[in-house]
Amino acid sequence: MKIAFISGTSIVRSDLFDGWESETVRTEYGTAVVKHNANLVVINRHGFGEPLPPHAINHRANIAALKALGVEEAVSLNSVGSLREDLPPGSLVSCADYVSFVPATFYDTTLNSLAPVVPNRLVPQLIEGLETPVRTGLVYVQMRGPRFETRAEIRIIRHWGDVVGMTMASEADLCQEAGIGYNSFCMVDNYAHGLTEHELSDAAFRELVAANQQTVRAFVTHVLAKLKA
331 MKIAFISGTS IVRSDLFDGW ESETVRTEYG TAVVKHNANL VVINRHGFGE
381 PLPPHAINHR ANIAALKALG VEEAVSLNSV GSLREDLPPG SLVSCADYVS
431 FVPATFYDTT LNSLAPVVPN RLVPQLIEGL ETPVRTGLVY VQMRGPRFET
481 RAEIRIIRHW GDVVGMTMAS EADLCQEAGI GYNSFCMVDN YAHGLTEHEL
531 SDAAFRELVA ANQQTVRAFV THVLAKLKA
């Protein structure tokens, strides 16, 4: 079975994929760069160069490329903000559902209404033996970005879910349409804007992401080893 790992900005320039074969896949939605190693494919949603902002990501090209390569399961790692005070930065979570009011789709000219699900078929085996505990069954709320949410927006959406981000729901929508099983993992990099007294800024966010790099690297190393086994 061919499996894809969808990564984010935290490992854009990681050496974990040094030596993997790079390929540019052309699709009707645009091109996507992937890296191969045996039965594994890695794609960075933001690209492997200067990271694209969330609203500019070509999710359709990314997922169409995975489909063209014969990928059956995708394991995704997304950066999120916490909507709960008891879910601090540095936490690893897995989301089982999501809220998104701008669904992504391949169906521009035909009607094909799917009821969204997040299968997470590989999640149980991937979290076995992981040093950092993973909270499962959470709900992801997707916003457009690239700016952070306003305090007023957070006061509303904290009633809808546990974490907030800008990418996962689009990937999950498209993977379902493409027949690719989606497996969610999220790294909590910050508290959502206004949830605590801590100031949220781009600089503060980057510091928090950097502080979580060791956890992210250990997680990715663990997942890749499991997927190669």
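In terms of the numbering used here, the sequence shown opens at residue 331 and continues consecutively. Glycine included, C-beta positions come from ideal geometry on N, C-alpha and C.
Does the segment 524-532 come into contact with the segment 395-407, if we say contact requires no fewer than three beta-carbon pairs (one atom in each stretch) closer than 8 angstroms? no
Between the segment 455-465 and the segment 474-491, are three or more C-beta pairs nearer than 8 angstroms? no
Mind checking which residues open and close the beta strand (DSSP E) that includes Lys332? If you number the sequence shown from 1, residue 332 lands on position 2. Segment: none, Lys332 is in no beta strand (DSSP E) and carries neither H nor E.
Helix, strand or coil at Phe549 [DSSP, three-state]: By one-based count along the sequence shown, residue 549 stands at place 219. If DSSP states are grouped into helix, strand and coil, Phe549 belongs with the helices.
Does DSSP put Asp427 in a helix, a strand or coil? To locate residue 427, count along the sequence shown from 1; it is residue 97. Three-state DSSP puts Asp427 in a strand.
Under 8 angstroms: do the segment 493-504 and the segment 451-461 share three or more Cβ pairs, one atom per stretch? no
Extent of the continuous alpha helix (DSSP H) to which Phe347 belongs: If you number the sequence shown from 1, residue 347 lands on position 17. Element bounds for Phe347: n/a, residue is neither H nor E.
How is Ser406 classed by DSSP in three states: helix, strand or coil? Taking the first residue of the sequence shown as 1, we reach residue 406 at position 76. Ser406: strand per DSSP, three-state reduction.
Between Leu422 and Phe335, is the Cβ-Cβ spacing less than 8 angstroms? Here residue 422 is taken as the residue at index 92 of the sequence shown, counted from 1. Here residue 335 is taken as the residue at index 5 of the sequence shown, counted from 1. No, Cβ-Cβ distance for Leu422 and Phe335 is not below 8 angstroms.
For Asp345, is the classification buried or exposed, using 16 other Cβ atoms within 10 angstroms of its Cβ as the cut-off for buried? As a working note, residue 345 is residue 15 in the sequence shown. It counts as exposed.
Kindly identify the DSSP beta-bridge partner or partners of Leu511. As a first step, residue 511 must be located in the sequence shown, where it is residue number 181. According to the sequence shown, residue 511 is Gly rather than Leu. Beta-bridge pairing links Gly511 to Glu403.
Out of Ala445, Gly495, Gly509 and Gly511, which one is the CA nearest neighbour of Asp519? In the sequence shown, counting from the first residue as 1, residue 519 sits at position 189. The option with the nearest alpha carbon to Asp519 is Gly495.
Terminal residues of the alpha helix (DSSP H) in which His366 lies: The residue labelled residue 366 in the question sits at position 36 within the sequence shown. It is not in any alpha helix (DSSP H) - His366 instead sits in the beta strand (DSSP E) that spans Gly360 to Asn367.
Which residues in the same chain as His528 place their Cβ atom closer than 7 angstroms to its Cβ, once the five residues preceding and following it in sequence are excluded? Taking the sequence shown and counting its residues from 1, one reaches residue 528 at position 198. For His528, where only same-chain residues beyond five positions count, the Cβ hits under 7 angstroms are Tyr521.
Reduced DSSP secondary structure (H/G/I, E/B, other) of Leu382: For the purposes of this step, residue 382 is taken as the residue at position 52 of the sequence shown. Three-state result, Leu382: coil.
For Glu483, the first and last residue of its enclosing alpha helix (DSSP H): The residue given as residue 483 occupies position 153 in the sequence shown. Note, Glu483: alpha helix (DSSP H), Arg481 to Ile487.
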